[in-house]
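Worksheet: one structure, shown below.
In the working numbering, the protein residues as written are 1333 to 1707.
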């Protein structure tokens, strides 16, 4: 084999491959654009820090000592205090998911501090058990630092008086991370069943030309698309019901809210996900490219930006804005609330309305996109 001849042939072949790749937008998308988007979105959005924690503060003791003890709440990047007049007001804020914790000091706090048995009650929103544990750690550390700086002689005994934090976990009394992860896992499974299944199967139909053959029939595009997604919608709902049974009887996750609301929200989310899958298949008409686009636009955002693992409030404003408008974020919020906190009608109405709007919008866009591509 002649080395100069081999070099010329290799240069020609490599040049041909570069030219061919430059004509294939999907290769550039997957090789260059996709990694850039992933590193920017996920790198900016992923954070295990917990900042600006909204905490309802109930100060039944108005003494300067208590205000000094709780001074760590002011000017801190970790806490955002909301002072309330009564425990009832604080509980209402917790029920409406406006605060993540309640910090309560009773009227006898200061006398008990000098007797060596002061206590502060910390009630945590336990739907997100990981975030609750971080909040508890922050509070323990802050009060321990105050005690180091201000040793109190308990009734002249020469021993410092201590502050005990009495913790309660609302909506997750078992303090189990499984209770938090199982509803989020259902969201990811429904995303795969809705977007991935629909986009890949419909893209395969485009590749084989069977959809074009159907479009020349007397049936309208809407009828054809509806007939195509109904079987896969039924399969996805079957998978959802199996997930419900497993969460209830295998993992012992409580379902405190309305089963009807859970099923209704899932139907709306699957309709939105199926509409997104139809749009992707119509735009790509290629199974491999459809899988990559579905991964980028549905599964990864549902995993990283919906609040499943990383708290949205700890993300930069731009990334938080993206996450807050995702369909998976509304579905995640709905399932976690209904599973663990019960029927909060305000939250359920907001999330279901958003999912209904996404379902209608994606279905209309999918129909318009399909008509345009077929015409």
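All C-beta atoms in this analysis are idealised placements derived from N, C-alpha and C, irrespective of residue type, glycine included.
- Distance from the CA of residue 1564 to the CA of residue 1603, rounded to the nearest whole angstrom, comes to 11 Å.
- CA-CA distance, residue 1596 to residue 1680, rounds to 10 Å.
- In its chain, beyond the 5 residues on either side, 1604 and 1659 have a beta carbon closer than 7 Å to the beta carbon of residue 1690.
- Within the segment 1375-1432, the complete alpha helix (DSSP H) segments at least 4 residues long are 1396-1401 and 1419-1427, listed from N- to C-terminus.
- Residue 1464 sits close to residue 1432, with the two beta carbons spaced by under 9 Å.
- Judged by beta-carbon spacing, residue 1502 lies beyond the 9 Å limit of residue 1419, meaning their Cβ atoms are not closer than that value.
- DSSP places residue 1436 in the strand class (E or B) of the three-state scheme.
- Boundaries for residue 1535: no beta strand (DSSP E) harbours it, while the alpha helix (DSSP H) harbouring it runs 1529-1540, taken from the DSSP string.
- The straight-line gap separating the alpha-carbon atoms of residue 1453 and residue 1471 is approximately 11 Å.
- Cβ-Cβ distances below 8 Å link residue 1409 to 1383 and 1384 in the same chain, with the five nearest sequence neighbours on each side left out; the list follows chain order.
- Judged by DSSP secondary structure, residue 1444 falls within the alpha helix (DSSP H) whose first and last residues are 1441-1447.
- If you look at residue 1520, you'll find it in the alpha helix (DSSP H) that goes 1509-1523.
- Annotation: residue 1562 to residue 1556 spans about 10 Å, alpha carbon to alpha carbon.
- For residue 1613, the enclosing alpha helix (DSSP H) covers residues 1591-1616.
- Around the beta carbon of residue 1553, 16 or more other beta carbons sit within 10 angstroms, so the residue counts as buried.
- In summary, residue 1515 is buried, with 16 or more beta-carbon neighbours lying within 10 Å of its beta-carbon over all protein chains present.
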